[in-house]
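Peer 1:
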Amino acid sequence: TLTDKEYQRMRDGAIRAIREIGVETGGSNIQFAIRPEDGRMVIIEMNPRVSRSSALASKATGFPIAKIAAKLAVGYTLDEIPNDITKKTPACFEPTIDYCVVKIPRFTFEKFPGADPTLTISMKSVGEAMAIGRTFKEALQKGLRSLEIGRYGLGADGKDKFSLPSDVENDTLRPGIVEKVRQKLSIPQADRIFYIRIAFHLGMKVDEIHELTKIDPWFLSNIEEIVDSEKEIQSYGTKMRDLELWRRIRQPDTLRLQESLLRKAKEFGFSDYQLGYLLGLDEATVRNMRKEKGILPTYKGVDTCGAEFEAYTPYYYSTYEKEDEAKPSGKMKIMILGGGPNRIGQGIEFDYCCVHASFALKEIGFETIMVNSNPETVSTDYDTSDKLYFEPLTFEDVLHIIQVEKPDGVIVQFGGQTPLNLAVSLEKAGAKIVGTSPDNIDRAEDRRRFHALLKKLGLTQPPNDTATSLEEAQRIAHEIGYPVILRPSYVLGGRAMEIIYDEEGLRQFVQNAVEASSDHPILIDKFLEDAIEIDVDAVADGESCVVAGIMEHIEEAGIHSGDSACVIPPYSLSDELIDQLKSNTRALAGELHVVGLMNIQYAIKNDIVYVLEVNPRASRTVPFISKATGVP
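In terms of the numbering used here, the sequence shown has 1683 at position 605, counting the first letter as 1, and numbering is strictly consecutive.
(1) Can you check DSSP and say which residues form a bridge with Asn1107?
(2) According to DSSP, is Gly1417 part of a helix, a strand, or is it coil?
(3) Grouping DSSP H, G and I as helix and E and B as strand, with all else coil, what is Asn1662?
(4) Could you give the C-beta distance for Val1433 and Ser1457, rounded to a whole number, given that I count them as a contact under 8 Å?
(5) In angstroms, rounded to a whole number, what distance separates the CA positions of Phe1240 and Arg1223?
(6) Out of His1638, Ala1092, Gly1636 and Ile1682, which one is the CA nearest neighbour of Leu1655?
(7) Exposed or buried, what is Cys1170 when buried is set at 16 or more other beta-carbons lying within 10 Å of its beta-carbon?
(8) I'd like to confirm the pairing. Which residues does DSSP put opposite Met1448 in its beta bridges?
(9) Keeping to the same chain, check which residues put their C-beta closer than 8 Å to that of Ala1135; ignore five residues upstream and five downstream.
(10) Output the distance between the C-alpha atoms of Ala1095 and Leu1415, rounded to the nearest integer angstrom.
(11) Alpha carbon to alpha carbon, how far is Gly1559 from Glu1361? Give it in angstroms, no decimals.
(12) Could you tell me the alpha carbon to alpha carbon distance between Asp1060 and Ser1639, rounded to whole angstroms?
(13) Who are the Cβ neighbours of Gln1352 in its own chain at under 6 Å, not counting the five residues just before and after it?
(14) Between the Cα of Val1645 and the Cα atoms of Leu1606, Asn1693, Val1588 and Ile1703, which residue gives the shortest distance?
(15) Classify Asp1461: buried if its beta carbon has 16 or more other beta carbons within 10 angstroms, exposed otherwise.
(16) When you compare each of Ser1264, Val1305, Asp1608 and Asp1306 to Glu1286 by their alpha carbons, which one comes out closest?
(17) Write down every uninterrupted run of the alpha helix (DSSP H) in the region 1520 to 1588 whose length is 4 residues or greater and which is fully enclosed by it, in chain order.
(18) Kindly identify the DSSP beta-bridge partner or partners of Val1692.
(19) Per the DSSP calculation, Arg1184 is bridged to which residue(s)?
(20) With 16 other CB atoms within 10 Å as the buried threshold, where does Gln1424 fall?
(21) Do three or more CB pairs link the region 1256 to 1272 to the region 1281 to 1296 at distances below 8 Å?
(22) Does DSSP classify Ala1635 as helix, strand or coil?
(23) Give me the Cα-Cα distance between Asp1294 and Glu1098, rounded to the nearest whole angstrom.
(24) Given a cut-off of 9 Å, decide if Pro1561 and Ile1577 are closer than it, judged by their beta-carbon atoms.
(25) Please go through the same chain and pick out, in chain order, the residues whose beta-carbon is closer than 6 Å to the beta-carbon of Ile1304, but skip the five residues on each side of it.
(26) Taking 6 Å as the limit between beta carbons, can you name the residues of its chain near Asp1475, skipping five residues before and five after?
(27) Please go through the same chain and pick out, in chain order, the residues whose beta-carbon is closer than 8 Å to the beta-carbon of His1529, but skip the five residues on each side of it.
(28) Are the Cβ atoms of Ile1479 and Ser1463 separated by less than 9 Å?
(29) Measure the CB-CB distance between Ala1498 and Val1488 and report whether it falls below 9 Å.
(30) Out of Arg1118, Pro1114 and Arg1089, state which residue places its alpha-carbon closest to the alpha-carbon of Asn1107.
(31) Check the DSSP bridge columns for Gly1379 and list the partner residues they point to.
(32) Run through the DSSP bridge pairs and tell me what Val1035 is partnered with.
(33) By how many angstroms is the C-alpha of Asn1420 removed from the C-alpha of Lys1181?
(34) Quick one: complete beta strand (DSSP E) runs, 3+ long, within the region 1467 to 1525?
(35) For the alpha helix (DSSP H) containing Asp1306, list its first residue and its last residue.
(36) Would the beta-carbon of Thr1382 fall within 9 Å of that of Glu1403?
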């Protein structure tokens, strides 16, 4: 939204500020404010150091600010430092980009129901996702689905908490709905962008929304174009469902319309899931329809120079154009799926695992391909892996990369819960998942299958069951006896997990649990009061199993393992209990045919060892164990 003149004034002002402060070498961060009405510009603050935005700018442009700043600090000059990506230009060439980058913060307000979700001058986000596209519209929709908040883009996915009634034009309903949306627009919150879409559906104009949100009309106009495209697709879907029109769809002019509509939708960043929702089709049908018409993503390189020079570092993003710059090699290659944006429960510990996996595979001769959407991580550095795809971690986006690169294997166990949730669908689509099989991952995640597995091995777990409704949950809790621990399945970091002491708490919980994991049942376990909680990390090759570390929690059972201090070696356990923990761990690894990492949580009460859960993947304790033992 800046004019070229404003951009140049800002650039000149930044250089003057650096010189006035006396920054000899290294990175600096200068924050400006510009009044749109008259262009008045002021400096808000200046930091003579790299900042949070330095990492973002580095990932967005491919220009490694901190790396260059370090070389400047030891005496290099900008013209002496070569650009790693082009190998022809020096660092004094300012990066030029021919794409659009969108960063969207990741919030975790669902963890803190009592917190004020209003966004203010105090930072409240816990992570961020970044997306690259040819246009703002494409990058915005990719960014929203990169957040992993259950959305597939800017709405049009049936996931809105606030949905418009079918008779929204009803004169008695409309004023109340409009007023509610106006209130949502006037308060900056994490979900406000979805209400902007609803406002356009209600017929509100750009100027009115701008007045309420103070968001620049340029952004609002782009969002309006996305909404207009959504309406066009939905209208076409309604016509398609007419049997007579289904017959006529074979006519060339109708086919051309369908192809142009599909292509435009993909250029606007719509996912297959959204298109399926709008057209009344399933995701697979939309994907096949696109393939038939040759509407497939192409991959463009991030090269710091707007394609002026050849790029030697393969760092890619997807878009819908003609020319594809990704050139798959014929080498043996492994794809590693990252963890997406940081959030409470799934953070940088998993990125540590992804990075070390990439280094280890490169050492033994594999080409490594990293897929991630988090600009804060080392895994998204262009030199961590042989190829980097900065893409959302969704089934559609990952599958496209697999179909282009044809890796010899895909590793899903290092990125936390995010890649695990994709494992089964990717395997069904033909991807070769290496490490622990998706079926054995499901045996550990699915409570009924897990219960059968423990019974087969003769291992003890607290009394438990699964429920899919409030009535079922009430019956099970009554049978097991309060207190109980309730949690959704297939979530990480204790999201929506609570200790419940009575029926009133149970009723409140079930509502939240359905939001956290709507497609899966609720897990109900007897809560073992005053038990000792133990974490065990192990590594296995399908046959042999090595117990890497046994950690004893200092906090009482019931405090999440991510919040509990722990110690290695365990200080209060007898040799007999330690031997039993090792024996149980090896038995579980053998039965699940674990290939790679495994984390098991135990509780010990009255010298009885209870198995709480098994995660056949990397856990957040892997970096701690690695540093504590010296074994990577």
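Cβ coordinates follow ideal geometry from the N, Cα and C atoms, glycine included.
Peer 2: From the atom records:
(1) Working through the sequence shown from its first residue, we reach residue 1107 at position 29. Partner(s): Asn1125.
(2) Position 339 of the sequence shown, counted from the start, is the residue given in the question as residue 1417. Residue state, collapsed to three classes: coil.
(3) For this step, residue 1662 is matched to residue 584 along the sequence shown. In the structure shown, Asn1662 sits in a helix (DSSP, three-state: H, G or I).
(4) Numbered from 1 along the sequence shown, position 355 holds the residue referred to as residue 1433. Numbered from 1 along the sequence shown, position 379 holds the residue referred to as residue 1457. The pair is a contact, with the Cβ atoms about 5 Å apart (cut-off 8 Å).
(5) As a first step, residue 1240 is located in the sequence shown; it is residue number 162 there, counting from the start. As a first step, residue 1223 is located in the sequence shown; it is residue number 145 there, counting from the start. Going from the Cα of Phe1240 to the Cα of Arg1223 covers about 18 Å.
(6) The residue you call residue 1655 lines up with position 577 of the sequence shown. Checking every option, the nearest Cα to that of Leu1655 belongs to Ile1682.
(7) In the sequence shown, counting from the first residue as 1, residue 1170 sits at position 92. The residue is exposed, with fewer than 16 neighbouring Cβ atoms inside 10 Å.
(8) Within the sequence shown, the letter at position 370 stands for residue 1448. Ile1414 and Leu1466, per the DSSP bridge assignment.
(9) Against the sequence shown, residue 1135 aligns to sequence position 57. So the qualifying residues of the chain are Phe1141 and Ile1143.
(10) One-based indexing of the sequence shown puts residue 1095 at position 17. One-based indexing of the sequence shown puts residue 1415 at position 337. Their Cα atoms are separated by approximately 41 Å.
(11) Along the sequence shown, read from residue 1 onward, the residue named residue 1361 stands at position 283. Along the sequence shown, read from residue 1 onward, the residue named residue 1559 stands at position 481. Going by the C-alpha atoms only, they are around 43 Å apart.
(12) The question about residue 1060 has no answer, for the chain in this structure spans 1079 to 1710.
(13) Within the sequence shown, the letter at position 274 stands for residue 1352. Contacts found: Tyr1230, Gly1231, Ala1234 and Asp1235.
(14) Within the sequence shown, the letter at position 567 stands for residue 1645. Closest option to Val1645, Cα to Cα, is Ile1703.
(15) Within the sequence shown, numbered from 1, the residue matching residue 1461 stands at position 383. The residue in question, Asp1461, is exposed, as its Cβ has fewer than 16 Cβ neighbours within 10 Å.
(16) Indexing the sequence shown from 1 puts residue 1286 at position 208. Glu1286 has its Cα closest to that of Ser1264, out of Ser1264, Val1305, Asp1608 and Asp1306.
(17) 1525 to 1535 and 1548 to 1558
(18) The residue labelled residue 1692 in the question sits at position 614 within the sequence shown. Answer is Ile1678.
(19) As a position in the sequence shown, residue 1184 is number 106, starting the count at 1. BP columns for Arg1184 point to Gly1205.
(20) Taking the sequence shown and counting its residues from 1, the one referred to as residue 1424 is at position 346. Buried, since its Cβ has 16 or more Cβ neighbours within 10 Å.
(21) yes
(22) Walking along the sequence shown from the start, residue 1635 turns up at place 557. Reduced to three states, the DSSP call for Ala1635 is coil.
(23) Along the sequence shown, one-based indexing puts residue 1294 at 216. Along the sequence shown, one-based indexing puts residue 1098 at 20. Each residue's Cα considered, the two are about 32 Å apart.
(24) Counting from 1 along the sequence shown, the entry for residue 1577 is found at position 499. Counting from 1 along the sequence shown, the entry for residue 1561 is found at position 483. Yes, the Cβ-Cβ distance between Ile1577 and Pro1561 is below 9 Å.
(25) For the purposes of this step, residue 1304 is taken as residue 226 along the sequence shown, with counting starting at 1. Taken in chain order, the residues that qualify are Lys1215, Leu1232 and Phe1346.
(26) Residue mapping note: residue 1475 aligns to position 397 of the sequence shown, counting from 1. These residues qualify, in order along the chain: Glu1469.
(27) Here the question's residue 1529 lines up with position 451 in the sequence shown. If we look at His1529 and ignore the five residues flanking it on each side, its Cβ neighbours are Gln1539 and Asn1542.
(28) Position 401 of the sequence shown holds residue 1479. Position 385 of the sequence shown holds residue 1463. The answer is no: Cβ separation not under 9 Å.
(29) In the sequence shown, the residue the question calls residue 1498 occupies position 420. In the sequence shown, the residue the question calls residue 1488 occupies position 410. Per the sequence shown, residue 1498 should be read as Leu rather than Ala. Not a contact, by the Cβ cut-off of 9 Å.
(30) Residue 1107 sits at position 29 when you count from the first residue of the sequence shown. Measuring from the Cα of Asn1107, the nearest candidate turns out to be Arg1089.
(31) Numbered from its first residue, the sequence shown carries residue 1379 at position 301. Tyr1394.
(32) Beyond the ends of the chain as shown, which are 1079 and 1710, falls residue 1035; an answer cannot be given.
(33) The count along the sequence shown starts at 1 and reaches residue 1181 at position 103. The count along the sequence shown starts at 1 and reaches residue 1420 at position 342. Going from the Cα of Lys1181 to the Cα of Asn1420 covers about 13 Å.
(34) 1487 to 1489
(35) For the purposes of this step, residue 1306 is taken as the residue at position 228 of the sequence shown. Pro1295 to Met1318 is the span of the alpha helix (DSSP H), which, as asked, contains Asp1306.
(36) Indexing the sequence shown from 1 puts residue 1382 at position 304. Indexing the sequence shown from 1 puts residue 1403 at position 325. Result no, Cβ atoms of Thr1382 and Glu1403 do not sit closer than 9 Å.
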